[in-house]
Structure formats: C-alpha cells, structure tokens
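Numbering (my numbering), first residue to last: 31 to 402.
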C-alpha cells in the first residue's frame, strides 16, 4: 500500500461516509488474520499501517520472562535488556517481523476489505433511506415476475411485491410502472429487503393524498379506511373548514381525482363517506350508496341497527354482504340492517318509542323518516 491508497481512503470517506480510521482498523484486523494464515504465526502479533504513508509493519508481541518456555510468545530478560535497558519482567516487547513479500498480501487484503466495507455502507444507506419511508408510497418499474412475487425497481434497490400483496385484478408484466405501499423494510444477509404492497389500506390513503391537495394540506382529513383490495373500498373524510366539502374535494371536477385513484387500483370501486361525530349519522353514511331511514345506537354493545327502505335492503347489504362488511370495518360498529317492513314486523318502531320520554315520541317518529 502507498500514499495513493491512503488518498483513496480519504476520498471514500468523503463520498461514501465511511470513516478512514474505521477502514484502517478493519484492514489491520484482516492483515493479522492473513499473516497468521500465510506465515503460521502465533496469535500474538500486531499490524500497524502508517496513516500518511500507507506502509505496513507487523510486530510480534512477546512477554519478558527469566527463562522463555515458548520463544514465539516469550523473550528472556537478558535479550530484552539488550534491546532497551528499561524493560522489566512482565513487560511486552514488540519485535518487527514484517515479511519481505507481505506488501502483496497487504494490498490484496486491503482491496477485499475496502470492497466489503463499501458494500456494507451502501446497504446501510439504502436500508436507512427506505426504513424512514415505511408507510409511504413508491413508484417503480416491474423487472420480473414469477409465481410467488413480482420484483420492482424502485431506484436504489429492488423491492419485492409478494403474490399475497398483489391485487386480484393486477396482471403485472416486466416494464409495467406501478405505485406501491412500503409495508416493511428488513435487514438480510444479502442486504436490505424492501417489501411493498398493493393491497394495504395505506396505499389508498397515500393515493388520495397525492391526488387531493386539500388532504395533503390538512384541510380535509382521512378518518378511516376499509378496503377489500381489487373490489371495493370505503374512505371516510372530514373537513376542518366548514366551507370545504370533503367529498367534493376528493371526487374532484368531473370526478377526475377519484378516477385517477380508481385507475391506479385497476378499477377498484371507492365509496367516499362523510365522517360525523354523531354515531347515528356516521353509521348511516357508511352504508352509502344505500339510503338509510334511521339508525338506532346501542352504545354498551357497540351495535347499530340501521333501517333502510325495502327496495334498498340488498343495496345496503351488498353483494355477498360486502357493503355491510366494509361499513362495519369503517365505523367499528356492528351493524344490523333491516328493511322498513322487517322493522315493523319486529316492532322496532314501538320498542324504540318505549325507550324515550312521552313528549319526545313525536320528534322520534319524524326522525324515523329522516335520511341522514
């Protein structure tokens, strides 16, 4: 090694952020192993690299004793005093034992160590960059697809999109450009592994943040999301500004904003729901596109009884119960849906009237006809 090599280490420190001293310590440790391996040396050696010149020196470390039992590990007091009159019993004497052809071994070892450290540093940089972006959205290009996963180039590394995280409608091919949600970032022996998802509810949230400036600016807030990826989703929104319509902001002019999200999600239907502090209105809204006649709230059990017009019962429940299932997931309430006819047959109107004061019955009766 020489001055040019030391200058190269300094350049690496500037460009890669790898400390020069850290590299030298690693090289010295590797050279000790290389020396022992090539010269069958005892374990008591030390390697020193000149920080300016790059020169390499190997020293054998021996303990000063009266009569050496092992000449590789010990040195007699008489021999030590010949070297330096200040040595005493128990001191450690360092004797240079640098082999004549050690420079070649040193150069080769240093190259291997530096290459490894550069690789480790680059992996660390990539890991920290992406671990800070967990729960964020990323753009990528599909590189290859097999039966278990798709592999997506996201710039500095290749992300994994497992089959379980792909939407049913996705038909990914190499060269496709997609948006995905960074689900997790893991350290592995081969470097950082970025796992992305197309089914995570967070993807829907991030897409709306990209398309709706009012959400990005905090004027409109996403309160809750329920998603069955590839089929249908519900997103509950709320406006901090009473003059801003949260649903209109998300839909956009001629539906352009929501359509951009739907297109990215391969045609997944998205219901945009207005969030409300009032539980009755909130549950009623969640069953959109069905119109709800009224909602009865049973607080202790977190159960809501929703009554809908007879002709809207199937719409409220949805295909295979999907609409009701998403509404329950969105609100956190167990929702029991009945048609007006069913409610009348079960006497739900009468029971509800019995639960309130007599003077409130008229108001309650009118409430049953109110559509939130």
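Using N, Cα and C, we set each Cβ at its ideal position, and we do this for glycine too.
Within 7 Å, strictly: CB atoms of residue i and residue j
i	j	result
residue 182	residue 172	yes
residue 87	residue 126	yes
residue 228	residue 197	yes
residue 136	residue 123	no
residue 337	residue 373	yes
residue 340	residue 370	yes
residue 226	residue 189	yes
residue 48	residue 141	no
residue 421	residue 95	Only positions 31 to 402 of the chain appear in the structure, and residue 421 is not among them; the question remains open.
residue 143	residue 60	yes
residue 50	residue 41	no
residue 302	residue 265	yes
residue 333	residue 368	no
residue 139	residue 185	no
Residues that DSSP places opposite residue i in a beta bridge
i	result
residue 210	168
residue 10	Lying before the first or after the last residue shown, residue 10 is absent from the chain, which here runs from 31 to 402.
residue 324	337
residue 217	222
residue 192	179
Delimiting residues of the alpha helix (DSSP H) encompassing residue i
i	result
residue 107	107-113
residue 316	309-316
residue 161	132-161
residue 41	33-46
residue 372	370-375
residue 244	243-246
First and last residue of the uninterrupted beta strand (DSSP E) at residue i
i	result
residue 442	What is shown of the chain runs 31 to 402, which leaves residue 442 out entirely.
residue 126	122-126
Whole-Å CB distance - residue i paired with residue j, under 8 Å assumed
i	j	result
residue 327	residue 310	6 Å
residue 254	residue 300	The Cβ separation is near 13 Å, so there is no contact.
residue 316	residue 360	5 Å
residue 215	residue 161	4 Å
residue 276	residue 292	In fact, because the Cβ distance is near 18 Å, the residues do not count as touching under 8 Å.
residue 287	residue 241	5 Å
residue 308	residue 335	Their Cβ separation, rounded to whole angstroms, is 15 Å, which puts residue 308 and residue 335 out of contact at 8 Å.
residue 231	residue 257	5 Å
Any non-hydrogen atom of the ligand ADP within 6 Å of residue i CB
i	result
residue 102	This structure simply doesn't include the ligand ADP, nor any ligand for that matter.
Do the region 207-225 and the region 137-157 make contact, defined as three or more Cβ pairs closer than 8 Å?
These segments touch.
Is the region 73-93 touching the region 159-169, taking contact as three or more C-beta pairs under 8 Å?
These segments do not touch.
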